[in-house]
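The next block holds one structure in the form of C-alpha cells; read it before the comments.
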Amino acid sequence: MDWYPIEALEAGKLAVLHFENQGEQRWVGYIHGDGICHWPENVSGRRPDGWQDLSALFATLPKSAKQIVSASL
Numbered sequence: 341m342d343w344y345p346i347e348a349l350e351a352g353k354l355a356v357l358h359f360e361n362q363g364e365q366r367w368v369g370y371i372h373g374d375g376i377c378h379w380p381e382n383v384s385g386r387r388p389d390g391w392q393d394l395s396a397l398f399a400t401l402p403k404s405a406k407q408i409v410s411a412s413l
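Numbering (our numbering), first residue to last: 341 to 413.
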C-alpha cells in the first residue's frame, strides 16, 4: 500500500491514516478547511506518518456495491 506524506494532506479530505507505532491498524480522520483535524480518540494529538484518500478507495468500488452502501445509510 502506498502512503502519501503527511505534508501532502489536503483540507476537506476523509483519509485513511497510518501511524508508525500502530502496526497494521488503520484509522480514519477528517481534515477541515480551517486545518483542524479530527482523528479517533486512540490516536488524537498524534501526527500520522502517512495517509490515503478514502474517497479514492471508494471510487474503485463497482456501482452495485456503492448502491448497497448508499441504501444502508
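All C-beta atoms, glycine included, are put in the ideal place defined by N, C-alpha and C.
Contact belief for residue i with residue j at Cβ below 8 Å, rounded distance in angstroms
| i | j | result |
| --- | --- | --- |
| residue 378 | residue 351 | That pair is no contact at about 12 Å. |
| residue 394 | residue 368 | 6 Å |
Residues that DSSP places opposite residue i in a beta bridge
| i | result |
| --- | --- |
| residue 354 | 370 |
| residue 392 | 356 |
Buried versus exposed call for residue i [16 or more other C-beta atoms within 10 Å across all chains shown]
| i | result |
| --- | --- |
| residue 357 | buried |
Nearest-angstrom Cα separation, counted from residue j out to residue i
| i | j | result |
| --- | --- | --- |
| residue 359 | residue 397 | 19 Å |
| residue 411 | residue 399 | 17 Å |
| residue 383 | residue 403 | 33 Å |
Residues near residue i in its chain [Cβ-Cβ closer than 8 Å; skip 5 each side]
| i | result |
| --- | --- |
| residue 366 | 356, 357, 358 |
| residue 390 | 343, 344, 345, 346, 357, 358 |
| residue 380 | 367, 368, 369 |
Neighbourhood of residue i by C-beta distance below 7 Å, restricted to the same chain and skipping five residues each side
| i | result |
| --- | --- |
| residue 388 | 346, 357, 358, 359 |
| residue 349 | 355, 371, 391 |
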